[in-house]
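S.K.:
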Amino acid sequence: MHDFLRKAPHILHKNIPAEFNHDRVAEQGDDVEMEGMKFRQAAVLVAVIDQDSPSVILTRRPMHMKKHAGQIAFPGGKLEPSDRDATHAAMREAHEEIGLEPKFVNVLGCLDVYQIGSGYKICPVVAKVNKGFALKADPNEVDEIFELPLDFLMTADNYKLESKVWQGRMRQFYVLEYKDYFIWGATAGMLKNLADKLRD
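Residues 655 to 854 in the working numbering are what the sequence shown spells out, letter by letter.
1. Ordered along the chain, which non-local residues of its own chain (more than five positions away) have a Cβ less than 8 Å from that of Pro716?
2. Per DSSP, what kind of secondary structure is Ile855 in: helix, strand or coil?
3. Give the DSSP-derived three-state secondary structure of Ile752 in the structure shown.
4. DSSP three-state call for Ile892: helix, strand or coil?
5. Would you say the stretch 661-668 touches the stretch 726-743, given that touching needs at least three Cβ pairs under 8 Å?
6. Look at the Cβ atom of Ala727, then the Cβ atom of Thr841, and state whether they are nearer than 8 Å.
7. Whose C-alpha, out of Leu815, Arg823 and Ile799, is nearest the C-alpha of Glu831?
8. Residues in the same chain with beta-carbon distance under 8 Å from Lys790, minus the five sequence neighbours each way, listed in chain order, please.
9. Roughly how far, in whole angstroms, is the beta-carbon of Ser709 from the beta-carbon of Leu802, given that I think they are within contact range, below 8 Å?
10. Cα separation between Pro778 and Lys818?
11. With which residues is Lys790 paired in a DSSP beta bridge?
12. According to DSSP, simplified to helix, strand and coil, what is Asn635?
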């Protein structure tokens, strides 16, 4: 954990991008138009547990969900009118989805904004989670909570680049396979962004 904490101030953006603060979201409404597409702002919490072998908290979505059923994801969701900014949204969602209390969380900064074809711009908020926390999944949002070791996501060979046709276009995306967890798309892309920054 020491190495991660030493590097974090130098690799993370200290300030949340302006487009993810409350006033800007309220001014723009739900949708932000960019290059002919409309995007909604969302935030996720990249929660790194402070322990001898640090790990990142991830969730598996329930199969009954209309969108992203069964997918691996960070706790998070779209910014609501009550959210001050992306940090507030990520912390709120983590508390609602997995019961992570804010008193155990120290926000360190954020990764690069991640834009996905389904119409979201995501701000990944990175935080250290201190010992003493307890987690409880909301069954409506989360089927399972698990930890991905930081050492695993730091290993470049664990990332595979795959492609498929989606909405008439060939898309490329990263895939991570850990135990019986298949991590791909935006979640794998954000994990790779963190790993790349830590390695550099």
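Yeah, the Cβ is synthetic: ideal placement off N, Cα and C, and Gly gets one too.
All values derive from a computational prediction rather than experimental measurement.
M.R.: Per the coordinate set shown:
1. Ala723, Gly724, Pro793, Asn794, Glu795, Val796 and Asp797
2. The chain is shown from 655 up to 854; residue 855 falls before or after that span and cannot be answered.
3. helix
4. A query on residue 892 cannot be resolved here, the shown segment of the chain reaching from 655 to 854 and no further.
5. no
6. Yes, the pair counts as a contact, with Cβ atoms nearer than the cut-off.
7. Leu815
8. Ile752 and Gly753
9. 6 Å
10. 25 Å
11. Partner(s): none; Lys790 has no beta bridge.
12. In the structure displayed, the chain extends from 655 to 854; residue 635 sits before or after that span and is not available.
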